[in-house]
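Heads up, the sequence shown is in numbering that gives the first Met the number 0, so the first residue is 0 and it goes up one at a time.
For every residue, glycine included, the Cβ atom is placed at its ideal position computed from N, Cα and C.
Report on the structure given below.
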Amino acid sequence: MLEVVEFDADEGEITLLMGPNGVGKTILLSCLAGGLQASEGDISVLGDHPEATKERLSFMLQDTMLVDELTGRENVAFFRDLHPRSTDGVESVLDRLDFEMDALGREVRDYSGGMKRKLELAISLNVDAPLFLLDEPTAALDMTTVETLHSLLAARRDAGETIILSSHLPGDADLADRIVVLTEDGVSAVGSPEGLLAEVPPVVLVEGPGDVSESVRDGRLFEGEIHRRGFLRADRDPEAVTDNTDGTAIQVRDPSYTDMFNYYVHLRGNQ
């Protein structure tokens, strides 16, 4: 259930709904698409009620879009007939996403997760619409395909189209003009990627058993493959933090988008 969610997505921009799984990103997109109705509050899409704008947008709902019993080609035809603004560009998008074209003749039930996502994306982008709502479009894609998709979406944005997408992957922040960070309590932060990143404190990287909890915000360290990482307290000197003699390697560095995600979701989002 979503509560206290308020933000604007401007025309001709890419807005990223970023947050962990389970906070309601899919529900929010479904409300924008007119598939669900909010119990309270107002939603305006393209200047109108969502119910009145369904034919002027394209909505990709994660993992529930394709019909498994149909072949890829039959799915393309099925969804082309459903949307009055469908075009004939599916194969062009599939080619850009490095989709195995021979697989269009096979039932979708036999596809891998990545193949299904590519087909969902190609069908969803195969619409001449001013607004695209994409639910976790980069999930299940390899990094090369993610970069290609980012390029495709940026080109749509540059052509004046509006894109709202959800993601729990920090790397998608690079694509956005505006980020809306969602937590269980609602909207934690809204801003440009650069603006939000600039507000994140320096990151403390810890490799070893040393205790630096008194030097990081909320005394919290996030576990990683190599380092534990936390956010430097405003009253701590970075040089003093890294100066230790117990064999623990400690670094203080600028935050990444992964750090930005942890900060706004797990620290500031709980304040």
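I'd like to know whether the C-beta atoms of residue i and residue j end up nearer to each other than 8 Å.
i       : j       : result
Gly-33  : Thr-63  : no
Val-203 : Val-180 : no
Leu-148 : Leu-15  : no
Pro-136 : Leu-118 : no
Ile-13  : Arg-156 : yes
Tyr-262 : Val-199 : yes
Ser-166 : Met-17  : yes
Ala-37  : Ile-163 : no
Phe-221 : Gly-209 : no
Thr-161 : Gly-21  : no
Val-66  : Val-107 : yes
Arg-84  : Glu-54  : yes
Leu-93  : Gly-113 : no
Val-211 : Ile-249 : yes
Arg-235 : Ser-214 : yes
What are the partner residues of residue i, as DSSP defines its beta bridges?
i       : result
Glu-135 : For Glu-135, which the question treats as bridged, DSSP gives no partner whatsoever.
Val-126 : Ser-85
Gly-185 : Thr-182
Val-75  : The partner list for Val-75 (beta bridge, DSSP) is empty, contrary to what the question assumes.
Val-215 : Leu-231
Ala-248 : Glu-206
Ser-165 : Leu-16, Asp-134
Val-44  : Asp-47
Phe-221 : Arg-228
Glu-238 : Looking at the DSSP assignment, Glu-238 forms no beta bridge with any residue, so it has no partner.
Could you check where the beta strand (DSSP E) with residue i kicks off and where it finishes?
i       : result
Thr-14  : 13-17
Met-59  : 56-59
Phe-230 : 227-230
Glu-206 : 202-206
Leu-181 : 177-182
Leu-174 : Careful: Leu-174 lies outside any beta strand (DSSP E) and carries neither H nor E.
Just confirm the distance between the C-beta atoms of residue i and residue j, as a whole number of angstroms; I'd bet it's less than 8 Å.
i       : j       : result
Leu-151 : Arg-95  : 6 Å
Pro-169 : Thr-257 : 4 Å
Leu-27  : Ala-128 : Actually they do not touch by this definition, with Cβ atoms about 19 Å apart.
Gly-207 : Thr-247 : 3 Å
Arg-219 : Leu-266 : 7 Å
Ala-188 : Leu-195 : 6 Å
Arg-105 : Thr-70  : 6 Å
Between the Cα of residue i and the Cα atoms of the options, which residue gives the shortest distance?
i       : options                            : result
Val-251 : Tyr-262, Arg-232, Thr-86           : Arg-232
Tyr-110 : Asp-80, Arg-72, Val-92             : Arg-72
Asn-74  : Pro-49, Gly-40, Leu-103            : Leu-103
Phe-78  : Lys-24, Ile-122, Leu-35            : Ile-122
Val-126 : Leu-81, Lys-24, Met-100, Leu-140   : Leu-81
Asp-171 : Ala-138, Ala-154, Asp-217          : Ala-138
Arg-260 : Asp-234, Glu-193, Met-100, Ser-214 : Note that residue 260 is Phe in the sequence shown, not Arg. Ranking the options by Cα distance to Phe-260, first place goes to Glu-193.
Glu-224 : Val-205, Glu-238, Ser-212          : Val-205
Val-4   : Pro-83, Ala-76, Thr-182, Arg-105   : Thr-182
Leu-60  : Gly-88, Lys-24, Leu-45             : Lys-24
Asp-184 : Val-211, Val-264, Pro-254          : Val-264
Leu-45  : Phe-131, Asp-234, Met-100, Leu-35  : Phe-131
Asp-253 : Ser-214, Val-215, Pro-201, Asp-245 : Pro-201
Leu-31  : Phe-58, Pro-19, Val-89             : Phe-58
Alpha helix (DSSP H) containing residue i: first to last residue?
i       : result
Glu-50  : No alpha helix (DSSP H) contains Glu-50, which DSSP labels as neither H nor E.
Ala-32  : 24-32
Gly-194 : 192-197
Glu-68  : Here Glu-68 belongs to no alpha helix (DSSP H), and DSSP marks it neither H nor E.
Ala-154 : 142-157
Asp-7   : Element bounds for Asp-7: n/a, residue is neither H nor E.
Met-259 : 256-261
I'd like to confirm something about residue i: is its beta-carbon nearer than 7 Å to some heavy atom of the ligand FAD, or not?
i      : result
Leu-27 : No copy of the ligand FAD occurs in the structure displayed, which carries no ligand at all.
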